[in-house]
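Peer 1:
Number of protein chains: 2
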Amino acid sequence: MRTSIATVSLSGSLTEKLTAASRAGFDGVEIFENDLLASPRTPEEIRARCADLGLAIELYQPMRDIEAVPPAEFARNLRRARHKFELMRRLGADTVLVCSSVSPSALDDDALAAEQLSRLADLAQDFGIRVAYEALAWGRHVSTYDHAWHIVETAGHPALGTCLDSFHILSRGSDPKGIEDIPGEKIFFLQLADAPRLAMDVLQWSRHHRCFPGQGGFDIAGLLRHVLRTGYDGPLSLEVFNDVFRQAEAGPTAVDAHRSLLVLQEAVGAVDLPAPVVPTGIAFAELVTPDTEPVEAVLGALGFARTARHRAKPVDLWQRGEARILVNTTGAVRRDGTQLAAIGLESPDPAAAARRAEALLAPVLPRRRAPEDAPLDAVAAPDGTELFFCATDRPDLPSWRADFEDTAAAPAAPGAERIDHLALSQPWHQFDEAALFHRSVLGLDAQESVDVADPYGLLRSRAVTNPDGSVRIALGVGAAPSDDTVHAQHLALATDDVVAAARRFRQAGGRLLPVPANYYDDLAARFELADEELETYRGLGILYDRDAGGAFRHCYTETVGRVFFELVQRDPGYRGYGAPNAPVRLAAQHARRPAR
Amino acid sequence: MRTSIATVSLSGSLTEKLTAASRAGFDGVEIFENDLLASPRTPEEIRARCADLGLAIELYQPMRDIEAVPPAEFARNLRRARHKFELMRRLGADTVLVCSSVSPSALDDDALAAEQLSRLADLAQDFGIRVAYEALAWGRHVSTYDHAWHIVETAGHPALGTCLDSFHILSRGSDPKGIEDIPGEKIFFLQLADAPRLAMDVLQWSRHHRCFPGQGGFDIAGLLRHVLRTGYDGPLSLEVFNDVFRQAEAGPTAVDAHRSLLVLQEAVGAVDLPAPVVPTGIAFAELVTPDTEPVEAVLGALGFARTARHRAKPVDLWQRGEARILVNTTGAVRRDGTQLAAIGLESPDPAAAARRAEALLAPVLPRRRAPEDAPLDAVAAPDGTELFFCATDRPDLPSWRADFEDTAAAPAAPGAERIDHLALSQPWHQFDEAALFHRSVLGLDAQESVDVADPYGLLRSRAVTNPDGSVRIALGVGAAPSDDTVHAQHLALATDDVVAAARRFRQAGGRLLPVPANYYDDLAARFELADEELETYRGLGILYDRDAGGAFRHCYTETVGRVFFELVQRDPGYRGYGAPNAPVRLAAQHARRPAR
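This is how it looks when you write it as structure tokens:
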């Protein structure tokens with residue numbers, strides 16, 4: 001199907017928006033009136049630019065408050081329409097959106113609405129233009145899609161059809177099944193937007209909180225199936241008003257948007273993408289650092305040993321149990337400090353995983369490697385983290401491990417240690433995009449988003465996991481762009497005995513994040529922990545949480561660059577990440593930073 | 001009355017919050033559990049810190065999900081309560097907040113609730129503590145203040161009273177008059193928060209969008225009058241959950257908060273402040289610039305003449321008609337560029353205006369002046385703009401004009417020019433604060449807030465005016481912290497004939513902001529303007545708007561530093577500022593900047 005996006009969904013000047021839409025692979029655009037008015041380009045120049053970029057102008061919008069008004073007002077509306085139709089002829093746009101009226105002077109008279117829309121369609125026809133009439137959820141008299149269709153049907157004009165908008169339909173709780181009663185050729189246009197389930201005024205919800213399909217709470221695929229059963233063959237067009245997207249770079253937003261339409265088409269069987277290949281574990285986490293000494297000191301104290309070294313590059317493999325961490329000094333910049341730069345994901349079929357990622361617009365990373373390196377499929381996540389699809393130590397497939405030469409050091413005392421989860425802080429504008437990326441590209445499941453109070457603002461966090469919990473990634477974002485040195489990335493290491501692990505770490509010279517005594521007084525009030533257990537936690541700085549499935553005990557190391565480590569002991573049934581303790585942890589991390 | 005603020009209303013560590021509250025003049029605080037848990041200070045240390053800072057600990061909060069539960073659960077709750085009462089004894093806090101239960105296991109049984117709260121109060125009494133029971137608006141069975149009071153009355157326990165919270169009462173639309181039926185001595189606490197009128201889920205509304213009294217849409221003064229009639233003599237305590245305040249610096253937020261309580265107490269006659277002295281005009285606007293040449297070039301082209309020079313400082317007075325602009329090179333820093341740094345407001349009583357500002361916590365500016373200077377009363381607005389209270393050319397009072405010596409230059413051809421309005425861009429965190437400041441300190445009226453679509457994000461703008469419109473200040477803010485070079489300050493100059501003024505400006509070598517041709521095609525569609533009129537506007541770049549009261553014609557100069565000028569021709573009945581044209585203006589300004 002053709003894909004399209006409304007210019008209002010992207011930030012920037014009209015030419016920036018068009019360029020971003022084209023680069024992301026859209027076939028067309030809806031041009032929003034305000035974007036055209038503010039552009040120094042003539043309609044003819046915009047038409048030529050769209051043609052150069054391979055973009056059809058699928059819709060011009062909107063015309064408002066046209067129908068069911070007294071005669072004198074309708075005459076003025078027709079005059080205004082003629083101006084717009086002339087403009088559309090210059091622009092080469094052949095469909096105009098007419099939203100149901102919100103004007104106080106509009107009458108509750110369907111026959112009058114049908115008659116006046118018919119007259120508008122007569123005029124449009126002279127210009128070779130079709131009129132798509134849409135029910136706004138807050139329209140004065142017409143606010144449901146079946147009502148708008150009834151008026152269009154009554155008018156019975158060949159140049160008049162209806163426009164369906166998933167937000168207006170689903171936000172009102174209308175049953176989309178009735179769409180199937182509309183002949184497909186009378187659905188002139190389909191606008192798609194998702195939205196989080198918010199109990200708020202529908203106009204504000206619509207204007208500020210729409211998002212791309214799959215990022216909200218609506219069943220857009222269900223609605224689309226109904227539309228396709230009518231025989232509709234027009235474009236799928238995204239019309240998303242969102243305060244965050246308005247500020248984000250247009251390029252990444254357009255890619256995110258187009259990805260959402262690909263996933264949607266896959267869901268309804270309208271496009272054939274390589275199937276998801278769900279990762280089955282974490283092969284490694286890769287830290288890039290300009291200075292290995294502080295990282296190695298922490299890893300050493302955590303019981304990791306340097307077990308291998310890359311044959312050609314300054315990359316060391318540190319290992320403890322099944323937890324593997326690469327320490328890479330290639331290309332590290334001191335200004336950026338130590339960062340979690342890449343994740344190796346165990347994949348049943350790395351090449352197929354990469355094919356799906358590429359089909360879903362993930363940038364494929366060049367295999368910059370020495371001739372003898374194993375071929376590694378890798379793509380970039382929206383936050384720039386490199387994701388490698390790995391097949392560690394599998395005889396049938398090349399393994400990244402073959403690039404590494406074992407050092408004399410034996411792996412440290414084998415423990416239950418493996419990576420429990422990785423926490424990545426996302427750029428502010430890309431939180432919804434990141435969740436959709438990890439779900440659609442990697443086939444992970446997204447958990448609920450949680451708010452966490454940092455002393456200097458609210459944070460949001462949302463985890464994505466595979467079914468058995470062997471891959472868990474916590475995506476975090478601040479409430480607004482601001483200093484993110486505390487909202488750092490971290491690696492959580494699983495242990496069967498966090499108390500023993502914390503003691504070993506300390507004995508080896510590691511420093512754990514101190515936790516206030518008040519926290520433990522509160523633990524005593526909330527949970528009936530044995531005194532000795534509580535005092536052990538207090539002495540070490542171990543935090544405690546419990547949900548219906550079990551307990552979670554965890555503690556934190558000091559921060560190196562932008563990275564810190566967490567030791568976690570997770571009961572098998574516990575689903576979370578210790579979010580109730582996050583405010584205490586964040587405050588302690590802030591307290592250890594230089595004064596602001 | 002005593003004033004207090006909940007620590008959750010301010011950002012930072014607990015000690016930062018306490019310091020900010022004390023400096024802003026609060027008498028006490030409510031200590032939020034999470035702030036205490038995250039603090040490395042012991043309860044005894046916090047108690048001592050509060051004492052040093054002159055802060056009473058008015059409340060510890062909250063205890064949740066206590067009452068109307070099965071016996072085993074209540075036993076656990078009492079155990080938890082004992083821990084908290086021990087903590088409160090160490091802290092020296094004698095009132096605890098208990099919110100009505102939201103627990104699924106709570107029973108709809110008022111008698112049981114009363115009995116269990118009574119038992120809780122028994123325990124509290126042993127510690128010298130009072131229990132204040134409050135109805136959460138989303139409480140499971142108890143969600144109105146009269147219901148909570150009914151339970152407290154039934155319990156009839158001396159250590160059990162009720163806590164009233166303006167948000168919980170007004171967000172549900174409860175009539176606050178019934179408060180007068182509660183004996184004042186049984187109202188153990190009063191929490192105040194305002195909020196904008198939003199149609200949204202009350203829990204989300206409460207957690208993210210509360211604001212200080214006078215910044216929202218609730219009648220907090222009306223509620224407070226009812227409370228005072230009961231004989232309540234406890235503190236007025238602000239409990240405000242707000243996503244923006246969480247990120248703002250605690251110091252300014254605390255001042256803003258305390259100002260809101262002063263204004264509230266004034267409204268109910270509980271405090272005697274110097275009366276507002278409403279400004280009657282704009283005496284001058286002062287630009288600070290590191291380089292006078294570009295500013296003088298624009299002023300010259302606008303028909304201003306340098307009519308006077310300060311006797312002692314490098315400050316020139318430029319004048320046209322009644323519009324006076326000071327150009328000051330004192331202390332200008334090249335990095336900051338040209339800025340609108342000060343406004344002279346004509347005041348019927350400058351000294352009284354300054355006294356009110358000082359009483360409302362506006363920083364009074366030192367009169368750094370040469371011995372012969374006229375005494376000028378000045379304070380700083382929240383955005384740092386200096387506000388001078390002036391009495392220009394009034395025989396009875398000293399005038400700032402006396403510090404200036406006339407130059408040879410005669411004032412330019414007298415025209416109708418005066419300053420129509422000034423537009424100031426506010427720091428992101430201080431938009432609500434700025435409006436409250438201008439209303440309460442200066443006695444101006446605030447108009448509705450409007451959203452304006454900039455190509456790179458939404459802006460909000462809110463104007464404050466005096467009754468005759470001779471003082472109009474438009475306060476603007478971006479949707480998030482970001483580049484603000486386009487969201488600049490500007491000075492709008494009133495003219496009777498904007499076409500003539502624009503022509504003169506151009507003939508004198510001035511450059512007007514170019515406006516896209518598409519804008520004029522749209523004007524032709526929207527308004528029935530004569531062809532000649534439209535072509536004149538198109539040729540000059542004049543924008544047009546109309547409301548029920550009349551028309552508004554305006555155009556913009558190029559930007560110098562952070563400042564640009566607007567020429568406006570305002571029909572007397574037009575109330576706005578051309579907001580519908582702002583997206584076109586902003587896009588044109590972005591287009592003239594170097595590529596991002």
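If you read the protein sequences in the order shown, they are chains A and B. Counting in full-length UniProt numbering, the first sequence tops out at residue 596, every number present. Counting in full-length UniProt numbering, the second sequence tops out at residue 596, every number present. Each residue gets a CB set at the ideal place from its N, CA and C atoms; glycine is no exception.
#1: Go through its chain and collect everything with a Cβ distance to C555/B's Cβ below 6 Å, but skip five positions before and after it.
#2: If we count Cβ pairs, one from each stretch, closer than 8 Å, do we get three or more for the segment 414-429 of chain B versus the segment 467-478 of chain B?
#3: Is the shortest distance between the beta-carbon of V29/B and the beta-carbons of chain C less than 8 Å?
#4: Look at the alpha carbon of A517/B and the alpha carbon of A132/A, and state the distance between them as a whole number of angstroms.
#5: Shorter than 8 Å from the beta carbon of Y456/A to some beta carbon of chain B?
#6: Using a Cβ-Cβ cut-off of less than 7 Å, list which residues of the segment 518-534 of chain B approach chain A; keep chain order.
#7: Could you tell me the boundaries of the beta strand (DSSP E) in which F284/B lies?
#8: Rank L192/A, Y537/A, A354/A, L36/A by C-alpha distance to the C-alpha of L236/A and give the top, closest one.
#9: Let me know the beta strand (DSSP E) ranges lying completely inside the segment 180-267 of chain A, each 3 residues or longer, listed in chain order.
#10: Under 6 Å Cβ to Cβ from R80/B, same chain only, skipping five residues before and after it: list those, please.
#11: Whole angstroms are fine: how far does the CA of R324/A sit from the CA of A488/B?
#12: Can you confirm whether T253/B, when its beta carbon is compared against all beta carbons of chain A, has any partner nearer than 8 Å?
#13: Taking A381/B as the reference, which of A362/B, P395/B, A500/B has the closest Cα?
#14: In chain A, which residues lie less than 7 Å from A21/B when you measure between Cβ atoms?
#15: Given a threshold of 16 other Cβ atoms within 10 Å of its Cβ, counted over all protein chains shown, does S105/A qualify as buried or as exposed?
#16: Would you say K84/B lies against chain A (beta-carbon separation less than 8 Å)?
#17: Where does the unbroken beta strand (DSSP E) through N328/A begin, and where does it stop?
#18: Does any CB atom of chain A fall closer than 8 Å to the CB of L36/B?
#19: Could you please give the first and the last residue of the uninterrupted alpha helix (DSSP H) stretch that includes W400/B?
#20: Quick check on V515/A: buried or exposed, where buried means 16 or more other Cβ atoms within 10 Å of its Cβ?
#21: Please state the DSSP three-state secondary structure of F127/A.
#22: So, at 6 Å on beta carbons, what are the nonlocal neighbours of V98/A in its own chain, with the 5 sequence-adjacent residues on each side left out?
#23: Taking 8 Å as the CB-CB limit, is R246/B close to chain A?
#24: Report the residue ranges of all beta strand (DSSP E) runs contained in full by the segment 76-153 of chain A; include only those spanning at least 3 residues, in chain order.
#25: Is the segment 237-255 of chain A in contact with the segment 304-313 of chain A, if contact means three or more CB pairs nearer than 8 Å?
#26: With distances taken from CA atoms, which of V298/B, A199/B, N242/B is nearest S9/B?
#27: In the segment 63-96 of chain B, which residues sit with their C-beta less than 7 Å from some C-beta in chain A, listed in chain order?
#28: So, is the C-beta of R198/A closer than 8 Å to a C-beta in chain B?
#29: Out of E115/A, D496/A, D175/A, V584/A, which has the shortest C-alpha to C-alpha gap to R570/A?
#30: What are the start and end residues of the beta strand (DSSP E) that includes L345/B?
#31: Cα-Cα, which of A508/A, L458/A, V379/A, V202/A is closest to A342/A?
#32: Output the distance between the C-alpha atoms of L160/A and Q125/A, rounded to the nearest integer angstrom.
#33: Any Cβ of chain A within less than 8 Å of the Cβ of H438/B?
#34: I'd like to know whether the C-beta of P363/A is nearer than 8 Å to at least one C-beta of chain B.
#35: Going by DSSP in three states, Q430/A sits in which element: helix, strand or coil?
#36: Verify the CB distance criterion: does S206/A have a CB-CB separation below 8 Å to chain B?
Peer 2: Taking the geometry as given:
#1: A502, L512, G541, I542, L567
#2: Touching, yes.
#3: This model lacks chain C altogether, as its protein chains are A and B.
#4: 27 Å
#5: yes
#6: N518, Y519, D521, D522, A524, A525, R526
#7: 281-288
#8: L192/A
#9: Fully enclosed beta strand (DSSP E) runs of 3 or longer: 187-192, 236-238.
#10: none
#11: 52 Å
#12: no
#13: The candidate whose alpha carbon is nearest that of A381/B is A362/B.
#14: Neighbours of A21/B on chain A: none; closest Cβ ~15 Å, over 7 Å.
#15: S105/A is exposed by the Cβ-count criterion.
#16: yes
#17: 323-328
#18: L36/B counts as touching chain A.
#19: First-last for W400/B: undefined, no H or E at that position.
#20: buried
#21: It is coil, neither helix nor strand.
#22: Within the same chain, M63, I66, V131, Y133 come within 6 Å of V98/A by CB-CB distance, once the 5 residues on both sides are set aside.
#23: yes
#24: 95-99, 130-134
#25: no
#26: N242/B
#27: Identification of residues in the segment 63-96 of chain B having a C-beta nearer than 7 Å to some C-beta of chain A yields R80, H83, K84, L87, given in sequence order.
#28: The residue you asked about is not Arg; residue 198/A is Leu in the sequence shown. By this cut-off, L198/A is an interface position.
#29: Ranking E115/A, D496/A, D175/A, V584/A by Cα distance to R570/A puts D496/A first.
#30: Boundaries of the beta strand (DSSP E) harbouring L345/B: 339-346, taken from the DSSP string.
#31: V379/A
#32: 9 Å
#33: no
#34: no
#35: helix
#36: no
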